[in-house]
Ligand SMILES: C[S@@+](CC[C@H](N)C(=O)[O-])C[C@H]1O[C@@H](n2cnc3c(N)ncnc32)[C@H](O)[C@@H]1O
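Numbering (my numbering), first residue to last: 33 to 312.
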């Protein structure tokens with residue numbers, strides 16, 4: 033396990049993932065019923081952009097390109113407001129939150145968070161971050177095993193975020209498919225959101241075939257390409273696949289995604305796509 037998210041915090045991939053996450057949590061907390069938030073690969077929860085992130089500078093092509101944007105539409109606006117309100121960010125962009133921090137800010141007192149993180153360093157930071165938050169439990173374990181153990185949730189309502197490091201490259205897709213097949217058997221009505229990298233388009237075909245088949249319902253594919261999708265050597269774009277997506281998630285996200293492609297695109301072919309792979 034070599035992956036360290038601190039090097040990548042706030043890059044364009046985090047931005048897309050976190051804007052979609054904000055849209056999902058806003059949609060699912062509209063109903064006055066408790067929600068379980070389950071995260072399989074949680075990371076450290078909070079990142080100092082002057083540390084390891086500054087060594088790669090990836091955040092400069094991500095969150096930094098949005099920093100002067102005020103009055104942004106929909107979930108992008110909520111996301112930027114949350115990041116600006118982070119302690120230390122009042123005057124300059126100094127810190128970037130992870131998905132567990134964003135989720136904890138948006139969830140309500142009666143909701144619950146279960147966070148799995150396998151690496152000791154980030155797991156410790158995560159535990160410290162949420163020491164005083166009784167809604168949160170951090171577990172130092174494999175995320176796929178954790179998801180199996182957490183389902184079905186007592187609330188009977190859950191959002192799960194699956195955000196693995198893809199160290200095993202294309203094999204990670206097979207692990208995701210197996211994990212979600214099992215999760216759906218245990219809890220068919222959960223909302224499952226998966227982040228995935230896009231290098232070469234053709235490599236995604238088996239995963240998209242799996243997503244569109246298997247009796248899955250309401251499957252939305254949301255992608256942001258900042259470069260053309262034809263090189264296996266670099267991260268050209270990324271996507272979020274949402275199973276059991278709220279019916280209007282595409283409409284909620286569309287104005288935000290248009291801004292993201294304008295601001296984060298690094299090539300005239302930069303683009304965003306939303307497509308229902310399955311819909312009742
Ligand atoms: C992409 S990062 C997560 C970022 C986080 N979801 C966010 O958006 O802020 C992936 C994380 O998975 C952790 N990890 C790697 N293998 C794991 C496993 N088998 N189970 C749980 N966590 C794992 C890594 O240590 C890393 O912190």
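Backbone N, C-alpha and C define an ideal beta-carbon position, used for all residues, glycine too.
* Asked: So is residue 127 buried or exposed if we call it buried at 16+ other beta carbons inside 10 Å?
  -> By one-based count along the chain shown, residue 127 stands at place 95. Classification of residue 127: buried, given that the 10 Å Cβ count is 16 or more.
* Asked: Could you give the residue range of the beta strand (DSSP E) that holds residue 227?
  -> As a first step, residue 227 is located in the chain shown; it is residue number 195 there, counting from the start. 223-230 is the extent of the beta strand (DSSP E) around residue 227.
* Have a look at residue 168 and residue 200 and give me their C-alpha separation to the nearest angstrom. => To locate residue 168, count along the chain shown from 1; it is residue 136. To locate residue 200, count along the chain shown from 1; it is residue 168. So the alpha carbons of these two residues sit roughly 29 angstroms apart.
* **Cβ pair residue 232, residue 203 closer than 8 angstroms** => Counting from one through the chain shown, the residue named residue 232 turns up at place 200. Counting from one through the chain shown, the residue named residue 203 turns up at place 171. Contact: no.
* Asked: Is the CB-CB distance between residue 198 and residue 239 below 8 angstroms?
  -> By one-based count along the chain shown, residue 198 stands at place 166. By one-based count along the chain shown, residue 239 stands at place 207. Not closer than 8 angstroms, so no.
* Segments of 3+ residues assigned as beta strand (DSSP E) that fall wholly inside the region 214-281 -> 223-230, 251-257 and 269-275
* residue 37 to residue 99 span [Cα, whole Å] -> Position 5 of the chain shown, counted from the start, is the residue given in the question as residue 37. Position 67 of the chain shown, counted from the start, is the residue given in the question as residue 99. Approximately 21 angstroms between the Cα atoms of the pair.
* Asked: Got a sec? Which residues, its chain only, sit under 8 angstroms from residue 55 by beta carbon, not counting five neighbours each side?
  -> As a first step, residue 55 must be located in the chain shown, where it is residue number 23. The answer, listed in chain order, is 106, 107, 281, 284, 285 and 288.
* Under 8 angstroms between C-beta atoms of residue 212 and residue 145 -> In the chain shown, the residue the question calls residue 212 occupies position 180. In the chain shown, the residue the question calls residue 145 occupies position 113. Not closer than 8 angstroms, so no.
* **Euclidean distance between Cα positions of residue 228 and residue 312** => Residue 228 sits at position 196 when you count from the first residue of the chain shown. Residue 312 sits at position 280 when you count from the first residue of the chain shown. Cα-Cα distance, rounded: 24 angstroms.
* **Rounded separation between residue 174 and residue 184 - CA only** => Here residue 174 is taken as the residue at index 142 of the chain shown, counted from 1. Here residue 184 is taken as the residue at index 152 of the chain shown, counted from 1. Each residue's Cα considered, the two are about 18 angstroms apart.
* To do: Return the first residue and the last residue of the alpha helix (DSSP H) that residue 154 is part of.
  => As a first step, residue 154 is located in the chain shown; it is residue number 122 there, counting from the start. 152-161 is the span of the alpha helix (DSSP H), which, as asked, contains residue 154.
* Check residue 97 in the structure and name its three-state DSSP category. => Residue mapping note: residue 97 aligns to position 65 of the chain shown, counting from 1. Correct three-state label for residue 97: helix.
* Sequence-distant residues of the same chain with beta carbon closer than 6 angstroms to residue 133, five excluded per side -> Within the chain shown, residue 133 is the residue found at index 101, counting from 1. Cβ neighbours of residue 133 beyond the five flanking positions: 77 and 78.
* Where does residue 110 land, buried or exposed, given buried means 16+ other C-beta within 10 angstroms? -> If you number the chain shown from 1, residue 110 lands on position 78. Residue 110 comes out buried.
* In the structure shown, what three-state DSSP assignment does residue 202 receive? -> Residue mapping note: residue 202 aligns to position 170 of the chain shown, counting from 1. If DSSP states are grouped into helix, strand and coil, residue 202 belongs with coil.
* **Heavy atom of ligand 1 within 7 angstroms of residue 74 beta-carbon** => Along the chain shown, read from residue 1 onward, the residue named residue 74 stands at position 42. True, at least one ligand heavy atom lies under 7 angstroms from that Cβ.
* Asked: Can you list, in chain order, the residues of its chain whose CB lies under 6 angstroms from that of residue 51, leaving out five sequence neighbours each side?
  -> The sequence position of residue 51 within the chain shown is 19, counting from 1. Within the same chain, residue 51 has close Cβ partners 107, 108, 111 and 288.
* To do: Return the first residue and the last residue of the alpha helix (DSSP H) that residue 138 is part of.
  => Counted from its first residue, the chain shown places residue 138 at position 106. Here the alpha helix (DSSP H) through residue 138 covers 131-138.
* To do: Kindly examine ligand 1 and report whether one of its heavy atoms sits closer than 7 angstroms to the Cβ of residue 280.
  => Here residue 280 refers to the residue found at position 248 of the chain shown. Flag unset: Cβ of residue 280 not near ligand 1.
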